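Undergrad: When we follow the working numbering, the leftmost residue of the sequence shown carries the number 1324, and every step to the right adds one.
Dropping the structure in here first, questions after.
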Amino acid sequence: MPLIETEEAARRLARAIASDLSLYNEEKIVRGIEQDSLFDELAEEIEEGRALYKSRVAPDLYQRNFYDRALVDILIKSKGHIKSPIW
């Protein structure tokens, strides 16, 4: 499979991976936000998603941190309604 070469496609892939993480790990996300341990709770899943993302996009696009931004947008911003000591 050829590497993704466009910014739009790389962003779309990053958001799709982050959305899957959110969909399949809701309990861990809620617990992680409530206990301020989100990245510890999802460390394995996040790294698995990162490896998939890195394997699918061109190196210059990987360096642009679209995956990390998607994690923040989908795993954190969308869960602002959850009570947490961090906000």
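Cβ atoms here follow ideal geometry from the backbone N, Cα and C, with glycine treated the same way.
Computed from a prediction, not measured in an experiment: that's the story for all the values here.
Just to confirm, are Glu1368 and Asn1348 a CB contact at a threshold of 9 Å?
TA: Yes, they are a contact pair.
Undergrad: Apart from the five residues just before and just after Ser1345, which ones in its own chain have a Cβ nearer than 8 Å to its Cβ?
TA: Taken in chain order, the residues that qualify are Ile1352, Ile1397, Leu1398 and Ser1401.
Undergrad: Using the C-alpha atoms, what's the distance from Ser1378 back to Glu1350?
TA: About 28 Å.
Undergrad: Give the range of the alpha helix (DSSP H) segment to which Gly1372 is assigned.
TA: Per DSSP, Gly1372 belongs to the alpha helix (DSSP H) from Ala1366 to Arg1379.
Undergrad: Since Gly1355 contacts Glu1364 with CB under 8 Å, what's their CB separation in whole angstroms?
TA: Yes, they are in contact, since the Cβ atoms of Gly1355 and Glu1364 sit about 4 Å apart, within 8 Å.
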